[in-house]
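Colleague: Starting off with a structure, shown below.
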Amino acid sequence: MRHKIKFIHPSYQGNKGFSLTEMLVSMTVGMLVFAGVIGLLVASNETVSDTVQRGEMQENGRLALTLVSQDIMLAGYYGQFTGMDIHEASSADTEIVKLNQVNGNKVAVEGTDCVGDGENNGTFFVENSDFFFRHIWSTHTESSSIFNCISSAISNTDVLQIKRVLGDEISAGEELDTRYYLISTDNQAVFYAGSDATPVVNNGVISEYQHHIYYIENESRGSVSVPILKRKYLYKTENSTGNQAKLKAQTLVEGIERMGFLFGIDSDSDGTVNYYAKAEELTREHWENDGSEILAIKAYILVRALEPDNKITNTKVYDMGSYLYTVNDNYRRMLFINTVKIINAGKEVWRS
Numbered sequence: 017m018r019h020k021i022k023f024i025h026p027s028y029q030g031n032k033g034f035s036l037t038e039m040l041v042s043m044t045v046g047m048l049v050f051a052g053v054i055g056l057l058v059a060s061n062e063t064v065s066d067t068v069q070r071g072e073m074q075e076n077g078r079l080a081l082t083l084v085s086q087d088i089m090l091a092g093y094y095g096q097f098t099g100m101d102i103h104e105a106s107s108a109d110t111e112i113v114k115l116n117q118v119n120g121n122k123v124a125v126e127g128t129d130c131v132g133d134g135e136n137n138g139t140f141f142v143e144n145s146d147f148f149f150r151h152i153w154s155t156h157t158e159s160s161s162i163f164n165c166i167s168s169a170i171s172n173t174d175v176l177q178i179k180r181v182l183g184d185e186i187s188a189g190e191e192l193d194t195r196y197y198l199i200s201t202d203n204q205a206v207f208y209a210g211s212d213a214t215p216v217v218n219n220g221v222i223s224e225y226q227h228h229i230y231y232i233e234n235e236s237r238g239s240v241s242v243p244i245l246k247r248k249y250l251y252k253t254e255n256s257t258g259n260q261a262k263l264k265a266q267t268l269v270e271g272i273e274r275m276g277f278l279f280g281i282d283s284d285s286d287g288t289v290n291y292y293a294k295a296e297e298l299t300r301e302h303w304e305n306d307g308s309e310i311l312a313i314k315a316y317i318l319v320r321a322l323e324p325d326n327k328i329t330n331t332k333v334y335d336m337g338s339y340l341y342t343v344n345d346n347y348r349r350m351l352f353i354n355t356v357k358i359i360n361a362g363k364e365v366w367r368s
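Quick note on numbering: the sequence shown equals residues 17 to 368 in my numbering.
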């Protein structure tokens, strides 16, 4: 009997296709890996978004706190005249005046001045007043109209008013036509416009005079309302006269939602803070440093992200020092706090 021998070519040995079970397992594993990669990408994108928002808030918060703190620190600085009372046009020992121009006009704000509470709290001091000229003042807003010159501020936040001169001294003839200045000695001072001739004051020190009001206003960015820290500042047009001063709004930092301030009071004239109080608790004597004195200010700045994030819900209560602020929305926030000593307050004052 003959037997047939079947030869199988080596290249065909073991070449079997995937079974249905193997294919299903492979597809399942592949889908799991793919889903994991997609989930990782989504999580990475969310992390990047969170990091970017936090970075923006930190940058905006620090900038806003720095701007406000630097102004607070030098509140009431009037060059060589620092520490003198600016509530009388003249007295036996000291004299401070607003420059009389050739046409009889004195430096003044044209139209509506930005005036805080008190009898002597405008841009320039009131002559022959029984009230001290206030170099710092604050209040908690209850409406959009504040300081008699701002009609679009947000309510339920503190605002701050500061008057001072810059620490940098300039020489006669270097004044800008669009700014106001104070030339001072330890017993004499003159306010004047940069477009005027420099007043003759022997050994006088010249510095730019500033009047600032810090407040918050909402602005639309597409479908989102963004809170913005703004500042009113003193200026004049180049060709105007000294009695035509204006206060112009300046945008400072986006995302600043609320401000709060506590004032450190020295009630026994020993040069140290006895307690902190909110603006509504202070009296005329506090603001005018008559018997009690404001030595320091705690500044609270609340920063909000510019865009909402629907993946989070913020229901926190923020302590703004002088009030509590409750939220219930989808915005991230950060609170910045700084205590600032007013250099020109207390027994020792800084003079240039």
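A virtual CB, placed ideally from N, CA and C, is assigned to each residue, including glycine.
Source: prediction; values computed, not measured.
(1) Could you tell me which uninterrupted beta strand (DSSP E) segments, each at least 3 residues in length, are contained entirely in the segment 279-303, listed from first to last along the chain?
(2) Can you tell me where the beta strand (DSSP E) with Tyr316 in it begins and where it stops?
(3) Using only CA atoms, which one of Ser160, Glu75, Ile152 lies nearest to Thr299?
(4) Output the distance between the C-alpha atoms of Arg78 and Val49, rounded to the nearest integer angstrom.
(5) With which residues is Met275 paired in a DSSP beta bridge?
(6) Taking the beta strand (DSSP E) that Phe350 falls in, what are its first and last residues?
(7) Sorted by chain position, which residues of the same chain lie with C-beta nearer than 7 Å to Glu233's C-beta, five sequence neighbours on each side aside?
(8) Looking only at DSSP bridge pairs, what is Gln207 linked to?
(9) Keeping to the same chain, check which residues put their C-beta closer than 8 Å to that of Gly183; ignore five residues upstream and five downstream.
(10) Mind the definition here: the segment 96-103 touches the segment 195-206 only if three or more C-beta pairs lie below 8 Å; say whether that holds.
(11) Can you name, in chain order, every residue of its own chain whose Cβ lies under 7 Å from the Cβ of Met10, other than the five neighbours on each side?
(12) Excluding the five sequence neighbours on either side, which residues of its own chain have a C-beta within less than 6 Å of the C-beta of Gly271, listed in chain order?
(13) Grouping DSSP H, G and I as helix and E and B as strand, with all else coil, what is Ile142?
(14) Per DSSP, which residues does Leu245 bridge with? Please list them.
(15) Using the C-alpha atoms, what's the distance from Thr342 back to Asn219?
(16) To which residues of the same chain is Arg348 closer than 6 Å at the C-beta, ignoring the five residues directly before and after it?
(17) In three-state terms, what does DSSP make of Ser76?
(18) Rounded to whole angstroms, what is the Cα-Cα separation between Val365 and Arg237?
(19) Write down the C-beta distance between Phe149 and Lys114 rounded to the nearest angstrom, noting that I regard them as a contact closer than 8 Å.
(20) Terminal residues of the continuous beta strand (DSSP E) containing Tyr341?
(21) Within this structure, are the beta carbons of Phe207 and Val123 separated by less than 8 Å?
(22) Given that a residue counts as buried once 16 or more other Cβ atoms are within 10 Å of its Cβ, and exposed if not, what is Gln266?
(23) Quick one: grab the DSSP three-state call for Ala51.
(24) Who are the near neighbours of Gly138 in its chain, counting only those whose CB is closer than 6 Å to its CB and skipping five residues on each side?
(25) Could you name the residues of the same chain whose beta carbon sits closer than 7 Å to that of Leu83, not counting the 5 residues immediately before and after it, in chain order?
(26) With respect to the beta strand (DSSP E) encompassing Lys179, which residues constitute its N-terminal and C-terminal limits?
(27) Does the distance from the CB of Phe277 to the CB of Ser154 come in under 8 Å?
(28) Can you tell me whether DSSP reads Arg70 as helix, strand or coil?
Modeller: According to the data block:
(1) 291-293
(2) As a first step, residue 316 must be located in the sequence shown, where it is residue number 300. Note, Tyr316: beta strand (DSSP E), 309-320.
(3) For the purposes of this step, residue 299 is identified with residue 283 of the sequence shown, where counting begins at 1. Comparing Cα positions, the closest option is Ile152.
(4) If you number the sequence shown from 1, residue 78 lands on position 62. If you number the sequence shown from 1, residue 49 lands on position 33. Rounded to the nearest angstrom, the two C-alpha atoms are 43 Å apart.
(5) On the sequence shown, position 259 is the one that residue 275 refers to. In the DSSP output, where bridge partners are listed per residue, Met275 has Ile317.
(6) In the sequence shown, counting from the first residue as 1, residue 350 sits at position 334. In the sequence under discussion, the amino acid at residue 350 is Met, which differs from the Phe named in the question. 349-357 is the span of the beta strand (DSSP E), which, as asked, contains Met350.
(7) Here residue 233 corresponds to residue number 217 of the sequence shown, with the count starting at 1. Within the same chain, Glu233 has close Cβ partners Ser168, Ala169, Ile170, Ile244, Lys246.
(8) Against the sequence shown, residue 207 aligns to sequence position 191. Here residue 207 is Phe; the residue named in the question, Gln, does not match the sequence. Answer is Lys114, Leu198.
(9) Residue 183 sits at position 167 when you count from the first residue of the sequence shown. So the list reads Leu90, Tyr93, Ser223, Ser368, once near-sequence residues are dropped.
(10) yes
(11) Given a span of 17 to 368 for the chain in the structure shown, any question on residue 10 remains unanswerable.
(12) Numbered from 1 along the sequence shown, position 255 holds the residue referred to as residue 271. Closer than 6 Å at the Cβ level, and outside the excluded window around Gly271, lie Asn76, Val319, Arg320, Leu322.
(13) As a position in the sequence shown, residue 142 is number 126, starting the count at 1. Going by the sequence as given, residue 142 is Val instead of Ile. The answer is coil: DSSP assigns Val142 none of H, G, I, E or B.
(14) Here residue 245 refers to the residue found at position 229 when the sequence shown is read from its first residue. Partner(s): Ile232, Val269.
(15) By one-based count along the sequence shown, residue 219 stands at place 203. By one-based count along the sequence shown, residue 342 stands at place 326. Straight-line Cα distance between these residues: approximately 54 Å.
(16) Taking the first residue of the sequence shown as 1, we reach residue 348 at position 332. So the qualifying residues of the chain are Gln69, Ala321.
(17) Within the sequence shown, numbered from 1, the residue matching residue 76 stands at position 60. First, the amino acid is wrong: residue 76 is Asn here, not Ser. If DSSP states are grouped into helix, strand and coil, Asn76 belongs with the helices.
(18) Your numbering for residue 365 matches position 349 in the sequence shown. Your numbering for residue 237 matches position 221 in the sequence shown. Residue placement at Val365 is poorly supported in this model, since its pLDDT is 48, which falls under 50; the coordinates still yield a value, given next. Whole-angstrom Cα-Cα distance: 45 Å.
(19) Locating residue 149 in the sequence shown gives position 133, counting from the first residue. Locating residue 114 in the sequence shown gives position 98, counting from the first residue. Rounded, the Cβ-Cβ distance is 12 Å, inconsistent with contact.
(20) By 1-based counting over the sequence shown, the position of residue 341 is 325. Residues 340-342.
(21) On the sequence shown, residue 207 is found 191 positions in, with the first residue counted as 1. On the sequence shown, residue 123 is found 107 positions in, with the first residue counted as 1. The answer is yes: Cβ separation under 8 Å.
(22) As a first step, residue 266 is located in the sequence shown; it is residue number 250 there, counting from the start. The residue is exposed, with fewer than 16 neighbouring Cβ atoms inside 10 Å.
(23) The count along the sequence shown starts at 1 and reaches residue 51 at position 35. Helix, per DSSP.
(24) Position 122 of the sequence shown, counted from the start, is the residue given in the question as residue 138. Same-chain partners within the cutoff: Asp129, Val131.
(25) Within the sequence shown, numbered from 1, the residue matching residue 83 stands at position 67. Here the set comprises Leu268.
(26) Within the sequence shown, residue 179 is the residue found at index 163, counting from 1. First-last of the beta strand (DSSP E) with Lys179: 174-181.
(27) Your numbering for residue 277 matches position 261 in the sequence shown. Your numbering for residue 154 matches position 138 in the sequence shown. Cβ distance < 8 Å, so Phe277 and Ser154 count as in contact.
(28) On the sequence shown, position 54 is the one that residue 70 refers to. Residue state, collapsed to three classes: helix.
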